Each structure stands twice: as C-alpha cells, then as structure tokens.
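Those letters in the sequence shown? Residues 4 to 298, per my numbering, in order.
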Amino acid sequence: MDSALAELRRLTAHAENRRTETGLPRVAMVQGEIPEHQLAALYEPMINLILQGGKTLTIGGQTYRYDPAHYFVMSIDVPATGTVHPDRDGQPYLAVALTLDPDLVADLLDDMPAPTPGAHDERGFSVCPTTPELLDAWLRLLRLMEHPGDIPALAPVYEREILYRVLQGPQGWMLREIALPDSTLSRIRRTIAWLREHHDRPVQVETLADLAAMSPATFHRHFKAVTAMSPIQFQKQLRLLRARQLLMTGAPTASDVAYRVGYESPSQFSRDYARLFGASPLRDAQRLRKELRAW
C-alpha cells in the first residue's frame, strides 16, 4: 500500500489549506495547517481518507484520531471540533474526501447481495484502516485529475467502487442505513435536518420523536447512540457554531448573538461558548479575526 499512498500524495500535492476542489464530482482535498475555526464545524456525510499526517476529531465528548491509510466514515450531519497534525518528518497533513450521496448508495445496494445480519455499534461515525482494494479505487479516481476528459465516463465507475469497498468493510452498515429511508439512521437524519433548520427555536423531544416515528424514550436513546449527544446537546452545539460565525463576521455584541441563535440568557450563552471554544465570545472572536487577517 506504500506505493499507492505515495502516488496519492503526489496527485493531491497541490491541495491548499482549505477545501480544494478536484474537478471530480463530490471529491475535495486539503493540505497543511487548517485554521482551527474551519475544523470546528458541522460535518456532512462523507468518507475521509488520510494520506499524510493525522487528524483528531471530537464529537460529543468522544475523541477519534486517525492517521495515514485510515479512513473516517461520517454518515450523519454532526457538529465536531478538530485539529490536524503533520507527520513525524514534519510533512503536512493531507487528506481527500468523498461526500456521500444516499441515492448512489441505494442504487449500488440493488446490485449487491443482502448483508449477513450481525450486531454493530449505532454510532453514525467511525474510523477504520483502509485496504489495498479501497486504496486502489481511490488511486484510479484521483488519476482522472490528470485526464479530465475521462472524468464524465469513468469517475462514476470509480466512485461506485469506493462505495462498494466501504460497504464491504466494517463500516458498511452505515452506508446501507443512510440508503434505506425507514432505517433508524435515516430517521435520526431527518430529525437532524429539522434541528439544523430550527436551531434557534425551543425544541421538544416529542416533536423530534414524531418526525422519527418513535416514542420519545426510544428516540432519545437512538439519537444519543448515533450522535454521541442528546438532542438538546446537539442543538446547543449547532447554536454555538452559528454564534461563532456571526461573531467572526462582526456581529455587534455577544448578547445580540445569543438571542439570534436562540439563547434566552446571554450569561448562559457565554458559559457554554467558553466551555466549547475555550474563551469568552468576544475574546475568541478577536483571536479568530486576527487569525483570519494573517491567513
């Protein structure tokens, strides 16, 4: 796998320290020191393959570290914070990601045998080591960047193979679940979409449970198992991430921001903000604006 990783690094060596489009549908790459505020975000469903260096993600109090030849499957929209690390020789972090399309996964499932029933963790995200077959599929896909005329005909084929290889692996159940509209994971995804749209409104677990077609107790248990957070904790992180964006773009006061994102108490907002980001809203905003100017 070393030679495949080396070629993948060569193909993605022009990536920047921000999301860099590849010209391939749903595929992006990134390299180097990524500003911290970009890593504290709402992550969308994706397969993220590390090529060099490492990355740490914290989701709901659980921290995951993954290194080269490992991939991270994210099957839900979830708020997280993260850091990236160079490798032992000082070479910069380098990764490539494929945004998941549930319709493509559903189409692929029609051509695959039914999976063998078995127990699995309900979490909607996880890290696992890659395989030579999966790396080879990534390699053929990224080689198309050097032959853009072949992208329309061949990119869908290689993307389909990447999905197929992940479906065969230990995290394949997650891809199956997002492609099945009545699965537990798909029901939780519907409630997450509602929370994203209504993050500034009071939330009732009963409302979310109705959307998921579950009892409140069952819904709460499954939501926490999938996201590592309760619905209230999830909404709180959505609010704080949105508040940070507003502060960075010059919102007048922390109190104004608190009310705009749905808080009733500015003092509670400041405590929650400092707990998540390590500084008061105004101090954090000042630091981030300074970093943005330097960046």
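Quick reminder that beta carbons are idealized off the backbone N, C-alpha and C, glycines included.
It should be emphasised that the depicted structure is a prediction, and the values quoted were computed from it without experimental measurement.
Limits of the unbroken beta strand (DSSP E) element including residue i
i: residue 57; result: 57 to 62
i: residue 266; result: First-last for residue 266: undefined, no H or E at that position.
i: residue 84; result: 81 to 88
i: residue 132; result: 128 to 132
i: residue 236; result: From DSSP, residue 236 is part of no beta strand (DSSP E) but of the alpha helix (DSSP H) over 234 to 251.
i: residue 41; result: Here residue 41 belongs to no beta strand (DSSP E); instead the alpha helix (DSSP H) covers 39 to 42.
i: residue 108; result: Per DSSP, residue 108 belongs to no beta strand (DSSP E); it is in the alpha helix (DSSP H), 105 to 112.
Proximal residues to residue i (C-beta, below 8 Å), its chain only, five neighbours per side dropped
i: residue 223; result: 208, 212, 233, 234
i: residue 66; result: 59, 60
i: residue 57; result: 68, 69, 70, 71, 87, 88, 90, 96
Spatially closest choice to residue i from the options, by CA coordinates
i: residue 11; options: 38, 52, 115, 22; result: 52
i: residue 203; options: 263, 36, 30, 150; result: 263
i: residue 20; options: 29, 149, 98; result: 98
i: residue 36; options: 55, 237, 282; result: 55
i: residue 63; options: 74, 177, 268, 231; result: 231
i: residue 178; options: 106, 146, 227; result: 106
i: residue 108; options: 181, 214, 283, 73; result: 181
i: residue 2; options: 132, 23, 34; result: Outside the modelled stretch of the chain, which goes from 4 to 298, sits residue 2, for which no answer is possible.
i: residue 158; options: 149, 144, 150, 152; result: 144
i: residue 227; options: 116, 240, 125; result: 125
i: residue 256; options: 283, 189, 237, 278; result: 283
i: residue 117; options: 16, 280, 175; result: 175
i: residue 23; options: 260, 33, 16; result: 33
Sequence-distant residues of its chain with Cβ nearer than 6 Å to residue i (five each side left out)
i: residue 266; result: 272
i: residue 192; result: 79
i: residue 172; result: none
i: residue 128; result: 77
i: residue 47; result: 80
i: residue 152; result: none
i: residue 261; result: 269, 272
Cα-Cα separation between residue i and residue j, rounded to whole angstroms
i: residue 246; j: residue 258; result: 10 Å
i: residue 27; j: residue 100; result: 11 Å
i: residue 7; j: residue 142; result: 7 Å
i: residue 40; j: residue 60; result: 13 Å
i: residue 92; j: residue 138; result: 23 Å
i: residue 167; j: residue 270; result: 49 Å
i: residue 165; j: residue 18; result: 21 Å
i: residue 205; j: residue 221; result: 21 Å
i: residue 1; j: residue 31; result: With the chain covering 4 to 298 only, the question about residue 1 has no answer from this structure.
i: residue 70; j: residue 88; result: 9 Å
i: residue 186; j: residue 286; result: 43 Å
i: residue 183; j: residue 110; result: 11 Å
i: residue 197; j: residue 218; result: 17 Å
i: residue 276; j: residue 288; result: 11 Å
i: residue 114; j: residue 130; result: 26 Å
i: residue 236; j: residue 188; result: 18 Å
i: residue 29; j: residue 103; result: 8 Å
i: residue 147; j: residue 112; result: 25 Å
i: residue 281; j: residue 194; result: 29 Å
Own chain, CB closer than 7 Å to residue i, minus 5 neighbours either side, in chain order
i: residue 244; result: 43, 44, 45, 82
i: residue 291; result: 40, 251
i: residue 294; result: 38
i: residue 4; result: 72, 135, 138
i: residue 253; result: none
Terminal residues of the alpha helix (DSSP H) in which residue i lies
i: residue 74; result: Residue 74 -> not in any alpha helix (DSSP H); beta strand (DSSP E) instead, spanning 73 to 77.
i: residue 33; result: Segment 30 to 34 is the beta strand (DSSP E) holding residue 33; no alpha helix (DSSP H) there.
i: residue 11; result: 5 to 14
i: residue 229; result: 219 to 230
i: residue 210; result: 208 to 215
Extract the residue ranges of the alpha helix (DSSP H) inside the region 138 to 202, only unbroken runs of 4 or more that lie entirely within it. Correct list: 154 to 171, 175 to 182, 187 to 200.
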